[in-house]
Amino acid sequence: MSTDGAETDDALAERVEQWLAREMPIIQMHGGTSSVRRADPETGEVVVELGGGCSGCGVADITTGNIESELLQWPEVEEVTVRVPESGESLGVEQAESIMGVDRTEGGRGDWGSSNPGKDHL
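Take the sequence shown: its letters are residues 1 to 122, numbered as in the UniProt record's numbering.
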């Protein structure tokens, strides 16, 4: 897959993060988080980890299936793994905040001040 000007791991990871934020808003809407753990343009391997509200969620299987099927349509992606820990389980890695900008207060749903600035807000 390597060519002159080939995409770097970071560039592919950033594109996947941006795609998740744009095309999978349900993750954030349900208090979930996403993090691209691996994005290798040489092998075409992408690993995405979902956390927060996704852990133990009844529709997580549908979300993971949608992510996998969509990313496999990208020409540079050959293999997609989406991991979702069971409720209360940790995959052994600190969940990095994605570009989705999830506020981890109140379980990832933000706090009162972030959604209601109050009368002093301009």
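Glycine included, each C-beta is placed from N, C-alpha and C at the ideal position.
#1: Considering only residues of the same chain and omitting the five flanking positions on each side of glycine 44, which have a CB-CB separation below 8 Å?
#2: Do three or more CB pairs link the stretch 57-72 to the stretch 35-43 at distances below 8 Å?
#3: Taking the straight line between their C-alpha atoms, what separation do you get for leucine 50 and glutamate 17?
#4: Looking at C-alpha atoms only, which residue of Arg83, Leu12, Glu70, Cys57 is the closest neighbour of glycine 31?
#5: With the cut-off set at 8 Å, would you say methionine 24 and isoleucine 67 are in Cβ contact?
#6: Using only the alpha-carbon positions, how far apart do tryptophan 19 and tryptophan 74 sit?
#7: Express the C-alpha separation of valine 82 and serine 69 in angstroms, rounding to a whole number.
#8: Which complete beta strand (DSSP E) runs does the stretch 28-78 hold, if anything under 3 residues is left out?
To lay it out plainly:
#1: To locate residue 44, count along the sequence shown from 1; it is residue 44. Here the set comprises Met1, Glu76, Val77, Glu78, Glu79.
#2: no
#3: Sequence index remark: in the sequence shown, residue 50 carries index 50 (1-based). Sequence index remark: in the sequence shown, residue 17 carries index 17 (1-based). In a straight line, the C-alpha of leucine 50 is about 12 Å away from that of glutamate 17.
#4: Sequence index remark: in the sequence shown, residue 31 carries index 31 (1-based). Cα-wise, what sits closest to glycine 31 is Cys57.
#5: Residue numbering aside, residue 24 sits at position 24 when the sequence shown is read from its first letter. Residue numbering aside, residue 67 sits at position 67 when the sequence shown is read from its first letter. Yes.
#6: Residue numbering aside, residue 19 sits at position 19 when the sequence shown is read from its first letter. Residue numbering aside, residue 74 sits at position 74 when the sequence shown is read from its first letter. Straight-line Cα distance between these residues: approximately 11 Å.
#7: As a working note, residue 69 is residue 69 in the sequence shown. As a working note, residue 82 is residue 82 in the sequence shown. So the two alpha carbons sit approximately 11 Å from each other.
#8: 32-40, 45-52
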